[in-house]
Amino acid sequence: MTPNIPETTKKRVVIIGAGFGGLKIARDLADSEDFQIVLIDKNNYHQFQPLFYQVATAGLEPSAISFPLRLAFHYYKDVHVRITEVTELRTDSQEIITQLGAISYDYLILAIGADTNFFGQKNIQEKALPMKSVGEALGLRNRLLENFENALVSDSDDVRQGLMTVVVVGGGPTGVEVSGTLAEMKRHVLPKDYPELDFDLMKVYIVESGGELLGPMSKNAQIKSKEYLEQLGVNVFLNTRVTDFDGKYAYLNNGEKIRTNNLVWAAGIKANFIEGLNPEILARGGRIKVNRYNQIEGHQNIFAIGDVAFMTEDAYPNGHPQVAQPAIQQGKLLSKNLPRLLRGNPLEEFTYKDLGSMATVGRNLAVVDLPFWRFQGFFAWLTWMFVHLMSIVGVKNRLLIFINWLWNYVTYDQSLRLIIKQKSPKAED
1 MTPNIPETTK KRVVIIGAGF GGLKIARDLA DSEDFQIVLI DKNNYHQFQP
51 LFYQVATAGL EPSAISFPLR LAFHYYKDVH VRITEVTELR TDSQEIITQL
101 GAISYDYLIL AIGADTNFFG QKNIQEKALP MKSVGEALGL RNRLLENFEN
151 ALVSDSDDVR QGLMTVVVVG GGPTGVEVSG TLAEMKRHVL PKDYPELDFD
201 LMKVYIVESG GELLGPMSKN AQIKSKEYLE QLGVNVFLNT RVTDFDGKYA
251 YLNNGEKIRT NNLVWAAGIK ANFIEGLNPE ILARGGRIKV NRYNQIEGHQ
301 NIFAIGDVAF MTEDAYPNGH PQVAQPAIQQ GKLLSKNLPR LLRGNPLEEF
351 TYKDLGSMAT VGRNLAVVDL PFWRFQGFFA WLTWMFVHLM SIVGVKNRLL
401 IFINWLWNYV TYDQSLRLII KQKSPKAED
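Now the structure itself:
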């Protein structure tokens, strides 16, 4: 196999990763007269990570939060999408090695994002349920639904409790949103599907090692999110860590253990890594040290953006938060700086503009911290929905999500509780 990328007199910009930042740069430079764009990702779609939890809890189909990469570039002849994995970076020869072969570059942008961080806990890594991709979210949905089917035919209350109970590790937005949604499903949805089951056996826990939920948000948001979860019946454990998980019990650092077959791991992330990078340029969490132009140390034509980039400002001495906005803003500026770099003009430094943080806890319940206003409750919930709906790529996806949300709100039900198992013939070489 070969990448089959046409030769060109333009400068070639290779972008690894089609997340928020990578897709932003590719779209901004798509009609450039200066550059040929090569966009590389292991998936043929862009995925909207903030709504993974809704796929995992049967609120949305995977296709609603995914957008085909090739569809985004139908009308651009000098954008070339390749679906492959990058195995090595060779800076001396200015090329990357992929499963399709070598691809040369004039400018290289690493937008490779981050993956789940299990902090070296082998049992948890093998048995817990992560949620850092659409595939993992769908796997979590399948597991939860299969467990309810198995609980229905079990003759042991202990087994049923383990199958039905869920422990969510991590008190960030993902953990709060997953646990809140599961608690609402326990109240309004699952008893209608499984009337023979005793839902007093089902418990939902959220375990956070810190002293509050939603650590980076305001004190009011932290307090309210805990209140909302407890109103929904979620057991909130703060200043507590899960030290082990054997598939049947989650063990806590206070000596307690929780009977559960389902441990959802939303406790941390670590930057992805490509062989060939100098380990000396890595910061905490595996992030790549970059300057204010997103250039990695020691290279003028290699950039890192988003979750994988470690950039410090006076206001962010420990780097920017690993969320969508820094990636989008860095991608937007870099798409303007590349033509300046090509022409030898001065580059503009990146300054992160914090647009705020938000998290939804449940129906009519959310917390929002904007730079100029902090609020909670029903209006915060509407704000959360509007912001996320407008951030989705594709008009069709926005319409599908809006219809699903409206239906769920009116009927108190999600209609997507399908167990979809992968089965396909083996591909020929």
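Position 347, counted from 1, in the sequence shown is what the UniProt record's numbering calls 347; the numbers after and before it change by one each time, with no gaps. Every residue gets a Cβ at the ideal spot worked out from N, C-alpha and C, and that includes glycine. Please read all numbers here as calculations on a predicted model, not as lab measurements.
In the displayed model, Glu85 falls within coil according to three-state DSSP, outside both helix and strand. For Met202, no pairing in a beta bridge is given by DSSP. Around the CB of Ser93, fewer than 16 other CB atoms lie within 10 Å, so the residue is classed as exposed. Here Phe52 really is in contact with Val134; their C-beta atoms are around 7 Å apart, less than 8 Å. Taken in chain order, the unbroken stretches of alpha helix (DSSP H) that lie wholly in the region 64-128 and span 4 residues or more are 69-72 and 122-127. Remark: fewer than three beta-carbon pairs, one from each stretch, lie closer than 8 Å, so the region 301-311 and the region 204-222 are not flagged as touching. Rounded to whole angstroms, Gly268 and Thr2 show a C-alpha spacing of 36 Å. Ile274 and Val361 have their C-alpha atoms spaced approximately 36 Å apart.
Where Asn147 is concerned, the enclosing alpha helix (DSSP H) starts and stops at Val134 to Leu152. The DSSP assignment places complete alpha helix (DSSP H) segments of no fewer than 4 residues inside the region 169-254 at 173-188, 190-193 and 219-231, in order along the chain.
Of the residues Asn294, Asp354 and Arg284, the one whose Cα lies closest to the Cα of Ala315 is Asp354.
In the structure shown, the three-state DSSP call for Gly319 is coil. Scanning its chain for C-beta atoms nearer than 7 Å, with the 5 sequence neighbours on each side dropped, one finds around Thr243 the residues Tyr251, Leu252 and Asn253, in chain order. Taking a cut-off of 8 Å for Cβ pairs, the region 53-68 and the region 176-193 touch, as three or more such pairs fall below it. From the listed residues Gly356, Lys332, Arg259 and Phe148, the smallest Cα separation to Pro191 is found for Phe148.
Only residues of its own chain outside the window of five on either side were considered, and among them Leu214, Val367 and Asp369 have a CB closer than 6 Å to the CB of Ala221, listed in chain order.
7 Å or more divides the Cβ of Leu152 from the Cβ of Val14. Contact check between the region 36-51 and the region 65-78: three or more CB pairs, one atom from each, fall below 8 Å, which counts as touching. Pairing Leu140 with Met164 gives a Cβ-Cβ distance that is not under 7 Å.
The C-alpha of Ile103 lies about 25 Å from the C-alpha of Asp115.
Following the DSSP letters along the chain, one finds Gln161 inside the alpha helix (DSSP H) bounded by residues Asp157 to Met164.
The C-beta of Thr8 has fewer than 16 other C-beta atoms within 10 Å across all chains shown, which makes the residue exposed. Counting of Cβ neighbours within 10 angstroms places Asp78 among the buried residues, the total reaching 16 or more. Within the same chain, Cβ atoms closer than 7 Å to the Cβ of Gly394 are found at Phe67, the five residues on either side in sequence being excluded. Taken through DSSP and simplified to helix, strand or coil, Phe52 comes out as helix. In this structure, Gly21 sits near Gly331, with a CB-CB distance shorter than 7 Å. The C-alpha of Lys336 is placed about 40 Å away from the C-alpha of Glu212. For Lys11, the enclosing beta strand (DSSP E) has its first and last residue at Lys11 to Ile16.
Collapsing the DSSP output to three states places Gln325 in a helix. In the three-state DSSP reduction, Glu313 falls in the strand class (E or B).
Between the alpha carbons of Ala271 and Gly286 lies a gap of roughly 5 Å. Beta-bridge partners of Trp265 (DSSP): Val169. Exposed is the label assigned to Glu349, since fewer than 16 other Cβ atoms lie within 10 Å of its Cβ. Taken atom to atom, the span from the alpha-carbon of Arg12 to that of Pro216 is near 39 Å.
Contact check for Val81 against Leu69 passes: the beta carbons are separated by less than 7 Å.
Note on Val410: under 16 other CB atoms within 10 angstroms of its CB, so exposed under the neighbour-count rule.
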